[in-house]
Amino acid sequence: MAEFLTGTTRGGQSWTPKFVESIDQKQCIGCGRCFKVCGRGVLNMIGLTEDGDFVDAFDDEAEKKVMTVETAANCIGCESCSKVCSKSCITHVPVAA
Numbered sequence: 000m001a002e003f004l005t006g007t008t009r010g011g012q013s014w015t016p017k018f019v020e021s022i023d024q025k026q027c028i029g030c031g032r033c034f035k036v037c038g039r040g041v042l043n044m045i046g047l048t049e050d051g052d053f054v055d056a057f058d059d060e061a062e063k064k065v066m067t068v069e070t071a072a073n074c075i076g077c078e079s080c081s082k083v084c085s086k087s088c089i090t091h092v093p094v095a096a
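Residues in the sequence shown are numbered consecutively from 0, following numbering that gives the first Met the number 0.
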């Protein structure tokens, strides 16, 4: 059985943080809610061309805007991004201790 990094809540309860691992860009609608709720700079919006190439989100060739994990190392495991995601496209995992 794997042991995961755990913390303690202010109320003294054990808590296992789950850190952002990936975003399903086929499900993502690029609404930006997750980006707005994350104060740690973990996520960023990018653009996808018709051919599936990544470009700047505001590039004229961007057919679709989606979110991406830009700096996973900044994630604190709060899962706020998943809580505001209407498409349930963000995956989180606990980290082994």
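Where a beta carbon is used, it is the ideal one built from N, C-alpha and C, also for glycine.
Around the C-beta of residue i, are 16 or more other C-beta atoms found within 10 angstroms, so that it is buried, or is it exposed?
i, result
"V41", "buried"
"V65", "buried"
"L47", "buried"
Quick one: Cα of residue i to Cα of residue j, how far?
i, j, result
"E20", "G51", "21 Å"
"C37", "S79", "7 Å"
"I75", "K17", "8 Å"
"T67", "V92", "16 Å"
Report the residue from the options whose alpha carbon sits nearest the alpha carbon of residue i.
i, options, result
"Q26", "H91, A95, S87, P93", "S87"
"I45", "A71, V54, C37", "V54"
"K29", "Q12, T7, S85, T15", "Sequence inspection shows Gly at residue 29; the Lys mentioned does not correspond to that position. The residue with the shortest Cα to Cα distance from G29 is S85."
"R32", "C77, V83, A96, T90", "V83"
Does DSSP classify residue i as helix, strand or coil?
i, result
"S85", "coil"
"V19", "strand"
"V92", "strand"
Kindly identify the DSSP beta-bridge partner or partners of residue i.
i, result
"I45", "D55, V65"
"F3", "A95"
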